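Reading through the structure tokens given below for one structure.
Protein chains: 2
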Amino acid sequence: MVPVGNENYVRIFDTTLRDGEQSPGATMTSAEKLEVARALARLGVDIIEAGFPIASPDDFEAVRRIADEVGHLPGPGGQPPVICGLARTTTKDIDAAWGAVKGAARPRIHTFLATSPIHMKHKLRMDPEEVVERVVEMVSYARSLCEDVEFSPEDAGRSDPEFLYVVLEEAIKAGATTLNIPDTVGYTTPNEFGGLIAGIKANTPGIEDVFISVHCHNDLGLATANTLAGVQAGARQVEVTINGIGERAGNTSLEEIVMALKTRQPVFGLETGIDTTHIMRVSRMVSNYTGMAVQPNKAIVGANAFAHEAGIHQDGMLKHNQTYEIMTPESVGVTRTRLVLGKHSGRHALRVRLNELGYDLADEDLTKIFDRFKRLADKKKTITDADLEALMADELYQPTEVYRLDGLQVACGTMGLPTATVRLAGPDDKVYVCAAVGTGPVHAAYTAIDQVVGVKATLLEFAVNAVTEGIDALGEVTVRIQYDNGQDEVMHPQSEETSVRTFGGHGADTDIIVACAKAYLAAVNKLLVARGLLGGQPPEESSEVGTATQRVLVG
Amino acid sequence: MVPVGNENYVRIFDTTLRDGEQSPGATMTSAEKLEVARALARLGVDIIEAGFPIASPDDFEAVRRIADEVGHLPGPGGQPPVICGLARTTTKDIDAAWGAVKGAARPRIHTFLATSPIHMKHKLRMDPEEVVERVVEMVSYARSLCEDVEFSPEDAGRSDPEFLYVVLEEAIKAGATTLNIPDTVGYTTPNEFGGLIAGIKANTPGIEDVFISVHCHNDLGLATANTLAGVQAGARQVEVTINGIGERAGNTSLEEIVMALKTRQPVFGLETGIDTTHIMRVSRMVSNYTGMAVQPNKAIVGANAFAHEAGIHQDGMLKHNQTYEIMTPESVGVTRTRLVLGKHSGRHALRVRLNELGYDLADEDLTKIFDRFKRLADKKKTITDADLEALMADELYQPTEVYRLDGLQVACGTMGLPTATVRLAGPDDKVYVCAAVGTGPVHAAYTAIDQVVGVKATLLEFAVNAVTEGIDALGEVTVRIQYDNGQDEVMHPQSEETSVRTFGGHGADTDIIVACAKAYLAAVNKLLVARGLLGGQPPEESSEVGTATQRVLVG
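So, in structure tokens, the structure goes:
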């Protein structure tokens, strides 16, 4: 594949679903991944790295569904995105990657092998000659399956440039069409990384026939600057994630690169295919699905990134907006207007507003949302865009409901023993009731749910946000749990270690404890489905109408 | 002041308390600011910008207390930090700044005036000659009061370099000892910003006798790279904030600059006076006090920044820690060990651990914490460092308690009307009881508190986090409120607009609703003190033993 057409076009390779999702606690379900992939296609991403198919059967299946569905969905430029799967340099991995992506209109296999002295010695236990040999063999093999093959020399940022030139030349000869240069540990400075790319461009025979890509990590806060330095030195693909999620301090942020290239176009002279007005919506979707919060002072997508968003006194900023704003909120999809829908708003008004927000709903889904909307409008005078986004996240794209929250009753405070009673509709169409006491109402509710479901999980993360201003706010809760009897089951591509999968859940309600219970039950349902624990009977003490069995020491 | 000694020493100028606190919703009380200033001194910050004294009497008082107390507290290098106050180029501002900082051992006045065409024309409505004249006049005036004077040409990033050389030369002649070059709107790239600093160094007569400083914003995600480019071009002071808080996308992060200079010392050849092992503690303190969350993928201080912190499977990382870790968690004060204190741990064990965490408590404060510790240990099997940090934030450094939460009783769930009853001990030693119904338990509790206190506030932000892993976690709640009848009262130094002050509150409890009520009451108490509303009588309907008067439409 020879670069054609516009030499100033920078390809956006989004790895939110692979390197982003790989970060601890950011696990998404297949349904959530598919939804994010659709949103990425609409955003105009050129390549979607959909996962690491060999990691587990779930991961394979998620990549396959994305290739089959989103791999045929035209983006704003008219073409569907390339769908890419990651593989180590083994035939087993490459076969899995190809099996998962081959249904896409434009499939790609991405294979990698480390080239830094520390990785070759301590991780691979291979000498440089063996590394070159393996690269040639596996890139050739991948190319025999797929026309579009990307190769990455892992930890390139700490590799010997002279050795890199050799490895990359051989990879090109073996059929690689994109060469990706990762700063795997976020170690380099912009001058170093730009110099590395310039050196590769100048010294690698055949480099003019392939794309150079850059992939940076943010351990020292330099991912954006390093990526831009790479682009200025000749890279024409950038590997990024939404909100900069990823392992440790994360990957380069898609939104920062795209908006830097756009805002400073005269400096860079480059363009991308991204429809920037979709940025904020995708950012919120990824934050909701992964449970990875975006800090208010995050560039581009933070709640404070645009001064007018703060909810404080805004006249000054609006008067002088050129003096302090270098890009408009509208350019990234932050709208200044707020929807004022109320209890008398109809189904049509709701559909119109949801369309404006970028949601195109089937009638059945609209009915569900409209129903929730009316119930919320009964409690809350005005419904804002933020409320709608929360309802969408809460109502649609939920995992299979094994157990459904049919009722919750809570008593708590400083004067007694926090107690929760839950009523759950179970998979066998029976209704289970269980009461439990806890250190607080959330603990009590979760303990009662655990007793009905008969699964013991550890709560890893727990966060609540009021999505809207005002004291009658809708509360959004995100939790992350881990199965206590879980065994290692997901493989990490770089460290090759396996780990216990974690499950996230999300709930929204004006009653914060109800939102907490919904979020926890959503995570428990995901766990039950993933672990094939559906058939398990609830323990006897939480049978059809159960009673509290939990005892807690209270001082 | 002529630079002396080590030419490779970079001064850390922390503006968390000025540019950071100025960001919407990050308001701190005077007591919180003083505590942060103490922590900054222990961290080894060279200069603390303590505030903008003319903004309001509260701001003046906070700077004065910091100058008088922290301005005499020796840092790790033995010297107390410079205490700096910001002033526009007016005698009134400069007098206020000097009045506030003069009690410090090493006071500094920082004055600024915009030099970019867009700011001079639209904001200042001054021509360039007038700008130069005003700078000369006001820097001279500041220097007549204080030996240490810093001058910043605001929006230097978009100013004409030739004009900057003239302004800066005149500022030096008028007595400025530090020249700070701000990229006010976060617009420049590292090459541009480094070039700007190099140009200033090469073309400004007298520049060799003063310090060059850089001050960057993160609107395009480039603040860290721009600051490092400035330092490489000759700047020897960097203006930064903890966690990178600040307006819009924030300022340069202290922790990223310090750790980049340290981790890549051979590249930069520079050093700072920061004791990096205090970084994490100060980061958490600032996050707690401001309510500005740190995202998990934030470089250096995010929960995921070090792989081992994730709570998932860690063996891989520990085995290969050199392969994926470029700095150790311990180097920034993240300890791998967790305290295992339990209900049988004594006062001495608690004091020892708190000392290790960097807290040096008076006996009276230790007694308060020990009491809370024992109550928590009754509910929770083991007490971790995170629990202790939460208790410290909750118990110490709270604002004046006008009303104290004496009791709370809540009933909620899907099956009834969420109802809260609060019992508050008031300023007149009377106890007030009030019940209210709401859209959820938090709304109900806040409505009941509002009725007792007789103040109507708008909830701007609301966030809950489980500070510890596990389902019996201690919940930490942060709220931000605004007085509904508030009038503009705080002035913004750059836009010169005034805004309504907001108040934050923080609470921790194993019962999330109790934590919510505590946090809200803390914010309301701050508001009452600040607005001088102490004398007001509670409305009649919430008199000594009151009843619910709140009606809510429930569909």
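Chain order of the listed sequences is A and B. Positions in the first sequence are counted from 1; adding 600 to them yields this note's numbering. Positions in the second sequence are counted from 1; adding 600 to them yields this note's numbering. Beta carbons are placed, not taken as given, at the ideal position from N, Cα and C, and that holds for glycine. Keep in mind the model is a prediction, meaning the values are calculated, not measured.
State the start and end residues of the unbroken beta strand (DSSP E) segment that holds residue 1156 of chain B.
Residue 1156 of chain B cannot be examined here, being either before or after the span of chain B that is shown, 601 to 1155.
Quick check on the burial criterion: 16 or more other C-beta atoms within 10 angstroms. Buried or exposed for residue 945 of chain B?
buried
If I follow the unbroken alpha helix (DSSP H) through residue 1082 of chain A, where does it start and stop?
Here residue 1082 of chain A belongs to no alpha helix (DSSP H); instead the beta strand (DSSP E) covers 1075-1083.
How big is the Cα-Cα spacing for residue 834 of chain B and residue 1108 of chain A?
52 Å
Tell me where the alpha helix (DSSP H) around residue 1053 of chain A begins and ends.
From DSSP, the alpha helix (DSSP H) with residue 1053 of chain A extends over 1041-1053.
Less than 8 Å between the CB atoms is what I'm expecting for residue 841 of chain A and residue 854 of chain A, so what's the real figure, rounded?
Indeed, because the Cβ distance is near 6 Å, the residues count as touching under 8 Å.
What's the C-alpha gap between residue 879 of chain A and residue 990 of chain A?
17 Å
Would you report the Cα separation of residue 703 of chain B and residue 785 of chain B, rounded to the nearest angstrom?
33 Å
Quick one: which residues of the region 845-859 of chain A get their C-beta closer than 9 Å to a C-beta of chain B? List them in chain order.
Here the close residues are 845, 846, 847, 848, 849, 850, 851, 852, 853, 855, 856, 857, 859.
Could you tell me whether the region 667-677 of chain B touches the region 717-729 of chain B, using the rule of 3 or more Cβ pairs below 8 Å?
no
DSSP-derived helix/strand/coil call for residue 888 of chain A
helix
What did DSSP end up calling residue 794 of chain B once you bin it into helix, strand or coil?
In the structure shown, residue 794 of chain B sits in a helix (DSSP, three-state: H, G or I).
Close-in-space but distant-in-sequence residues of the same chain around residue 1156 of chain A (CB under 6 Å, 5 per side omitted):
Here chain A comprises residues numbered 601 to 1155, so residue 1156 of chain A is not present and cannot be evaluated.
Measure the CB-CB distance between residue 780 of chain B and residue 747 of chain B and report whether it falls below 8 Å.
Against a cut-off of 8 Å, the Cβ pair of residue 747 of chain B and residue 780 of chain B comes out as no contact.
Would a check of beta-carbon distances place residue 700 of chain A closer than 8 Å to chain B?
no
Of all Cβ atoms in chain B, is any one closer than 8 Å to the Cβ of residue 1104 of chain A?
no
Would you mind working out which of B:763, B:838, B:790 sits nearest residue 778 of chain B, comparing C-alpha positions?
In terms of Cα proximity to residue 778 of chain B, the closest of B:763, B:838, B:790 is B:838.
Using Cβ-Cβ distances below 9 Å, what residues of the region 863-881 of chain A are close to chain B?
863, 864, 867, 868
Following the continuous beta strand (DSSP E) through residue 1104 of chain B, name the residue where it begins and the one where it ends.
1102-1109
For residue 871 of chain A and residue 606 of chain A, the rounded distance between their alpha carbons:
9 Å
Curious, which full-length alpha helix (DSSP H) runs of at least 4 residues does the region 775-853 of chain B contain?
790-803, 823-832
At a CB-CB cut-off below 9 Å, which residues of chain B make contact with residue 623 of chain A?
896, 897, 904, 910
Enclosing alpha helix (DSSP H) for residue 969 of chain B [first to last residue]:
Segment 963-979, the alpha helix (DSSP H) holding residue 969 of chain B.
Would residue 955 of chain A be called buried (16 or more neighbouring beta carbons within 10 Å of its own) or exposed?
exposed
At the level of alpha carbons, what is the spacing between residue 963 of chain B and residue 887 of chain B?
26 Å
So which residues on chain B does residue 781 of chain A lean against when the C-beta distance must stay under 8 Å?
Those do not exist, as residue 781 of chain A stays about 17 Å from chain B at its closest Cβ, beyond 8 Å.
Tell me whether the region 857-870 of chain A and the region 964-974 of chain B touch, counting them as touching only if at least three CB pairs, one residue from each stretch, are closer than 8 Å.
no
According to DSSP, what are the bridge partners of residue 1061 of chain A?
In DSSP, residue 1061 of chain A forms a bridge with A:1080.
Contact under 8 Å by Cβ, residue 693 of chain B with residue 649 of chain B:
Cβ atoms of residue 693 of chain B and residue 649 of chain B: not closer than 8 Å.
How about the region 728-740 of chain A and the region 681-695 of chain A: do they share at least three Cβ pairs that are nearer than 8 Å?
Contact between the region 728-740 of chain A and the region 681-695 of chain A is present, because at least three Cβ pairs lie under 8 Å.
What residues from chain C crowd round residue 810 of chain B, counting only those whose CB sits closer than 8 Å?
In summary, chain C is missing from the structure at hand, where the protein chains are A and B.
Taking 7 Å as the limit between beta carbons, can you name the residues of its chain near residue 1160 of chain A, skipping five residues before and five after?
With chain A represented from 601 up to 1155, any question about residue 1160 of chain A goes unanswered, as that position is not in the structure.
Of the residues B:610, B:669, B:612, B:642, the one placed nearest residue 630 of chain B, counting alpha carbons only
Nearest option by C-alpha distance: B:669.
Cβ neighbours of residue 759 of chain B in the same chain (closer than 7 Å, five flanking residues each side left out)
715, 716, 753
Anyone know if the C-beta pair for residue 757 of chain B and residue 787 of chain B falls short of 8 Å?
yes
Residue 685 of chain A lies in the alpha helix (DSSP H); which residues open and close that run?
Counting along the chain, residue 685 of chain A falls outside any alpha helix (DSSP H), though it belongs to the beta strand (DSSP E) covering 682-688.
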